[in-house]
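Residues in the sequence shown are numbered consecutively from 1, following UniProt numbering.
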Amino acid sequence: MVVSPLSMFCYSKAVQCSVAATVALLLRTNHSRHWPAIHRCVHNDRNDCAIMELPKVVEILERIAPPSTAASWDNVGLLVEPSGSPVVKNVFLTNDLTLPVMDEAEQRNAQLIVSYHPPIFAPLRALRQSQWKERLVIRCLEKGIAVYSPHTAWDAVEGGANDWLASCLGSSSTTEPLTTDGAGRRLRLDPPVALEELATRLRTHVGASKVRLALAVRHTASSAISRVSLCAGSGISVLRDEFDDAELVVTGEMSHHDILDATQRGASVLLCEHAVSERGSLDRFAKLLSREAPDLTVIISQADTGPLQLV
């Protein structure tokens with residue numbers, strides 16, 4: 001009689017462990033795509049699935065940060081899908097998918113990379129080894145690694161990147177989205193907080209050695225601030241309309257001329273660098289994913305760093 005893996009699970013605990021070991025070996029050797037159903041028979045003591053089909057993981061990711069909340073211009077969702085019936089045990093989180101991060105993801109045996117910034121944004125006309133972004137896609141396909149990006153959906157959702165960035169500025173503040181689609185945040189600090197104290201709070205929160213501050217024409221470092229508008233990353237597209245009302249705008253990066261415009265119109269500017277204003281929110285994302293899928297192993301990249309450094 002031929003016994004399927006699903007039937008084997010029912011026989012004994014010892015056989016269950018044997019099947020689990022087999023799946024672990026298959027994952028290590030990147031051959032799990034040949035066993036599309038075997039994940040159904042691998043359980044732990046809580047009777048939960050130890051690995052999950054990729055579409056099921058994508059459903060969870062879409063619940064955490066619904067793609068419908070993303071900006072219309074953005075490229076979010078599942079960007080690279082391996083052939084066959086891929087399963088996921090190790091999910092690897094990063095702010096940017098670079099070549100060093102890809103090396104790390106492979107070393108950590110990731111089956112799914114969740115990259116906050118979409119590694120495929122502009123349309124790809126070819127897949128060539130000579131172009132680093134195209135080479136990343138080739139490697140993912142060759143290794144059977146899926147890639148997903150939440151980007152502006154994670155910015156907009158309650159508790160996402162923008163709320164993480166705002167959380168350090170005042171525990172008694174009130175917060176609302178800057179736009180109807182949820183981009184950015186508008187805060188009212190009560191009581192008001194000195195500008196230099198807000199800079200210190202932001203620097204500590206994002207883990208930066210320095211942040212950059214441009215004072216508005218009537219501000220000093222000790223000016224009390226109550227009206228703050230912010231947007232993680234490069235937020236000028238949603239912050240420009242805030243310059244006349246906000247006393248402070250906070251974002252990752254802004255051009256010289258936009259900074260001049262803000263300060264002359266009455267808003268001081270606090271910048272902490274693009275990726276720095278976003279990366280810390282990955283810890284929140286990891287906790288949400290672990291809560292929704294407790295049997296997945298969620299890993300945050302250690303090789304993911306911004307391209308700029310102070311010298």
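We treat Cβ as the ideally placed atom computed from N, Cα and C, and that holds for glycine.
Along the chain, where does the beta strand (DSSP E) that runs through residue i open and close?
i, result
"residue 224", "224-231"
"residue 94", "90-94"
"residue 149", "146-149"
Using CA coordinates, which residue listed in the options is at the minimum distance from residue i?
i, options, result
"residue 286", "54, 90, 77 and 72", "90"
"residue 223", "244, 267, 259 and 236", "267"
"residue 206", "221, 237, 177 and 250", "250"
"residue 303", "115, 138, 162 and 167", "115"
"residue 154", "140, 133 and 75", "75"
"residue 105", "196, 307 and 300", "300"
"residue 94", "57, 112, 130 and 212", "112"
"residue 85", "109, 145 and 98", "145"
"residue 239", "183, 274 and 196", "183"
"residue 245", "253, 166, 233 and 263", "263"
"residue 209", "308, 171 and 61", "308"
"residue 56", "66, 218 and 88", "88"
"residue 220", "232, 197, 102 and 58", "197"
Taking the DSSP output, what are the residues bridged to residue i?
i, result
"residue 186", "176 and 229"
"residue 116", "In the DSSP output, where bridge partners are listed per residue, residue 116 has none listed."
"residue 216", "Per DSSP, none; premise fails for residue 216."
"residue 138", "DSSP, once it has assigned bridges, lists no residue as partnering residue 138."
"residue 270", "213 and 250"
"residue 297", "90"
Just to confirm the assignment, what range does the alpha helix (DSSP H) spanning residue i have?
i, result
"residue 64", "54-64"
"residue 238", "236-239"
"residue 195", "195-206"
"residue 78", "Unbroken run through residue 78 is the beta strand (DSSP E), 77-80; no alpha helix (DSSP H)."
"residue 262", "256-264"
"residue 100", "99-107"
"residue 279", "276-279"
"residue 292", "282-292"
"residue 164", "161-166"
So, is residue i buried or exposed, given that buried needs 16 or more other C-beta atoms within 10 angstroms?
i, result
"residue 278", "buried"
"residue 186", "buried"
"residue 126", "exposed"
"residue 118", "buried"
"residue 204", "exposed"
"residue 69", "buried"
"residue 163", "buried"
"residue 136", "buried"
"residue 123", "exposed"
"residue 156", "buried"
"residue 310", "exposed"
"residue 39", "A caution first: residue 39 carries a pLDDT of 36, below 50, which makes its placement in the model unreliable, though a value can still be read off. So residue 39 counts as buried."
"residue 28", "Unreliable placement is indicated for residue 28, whose pLDDT of 44 sits below 50; the coordinate value is still reported in the next sentence. Residue 28 comes out exposed."
"residue 242", "buried"
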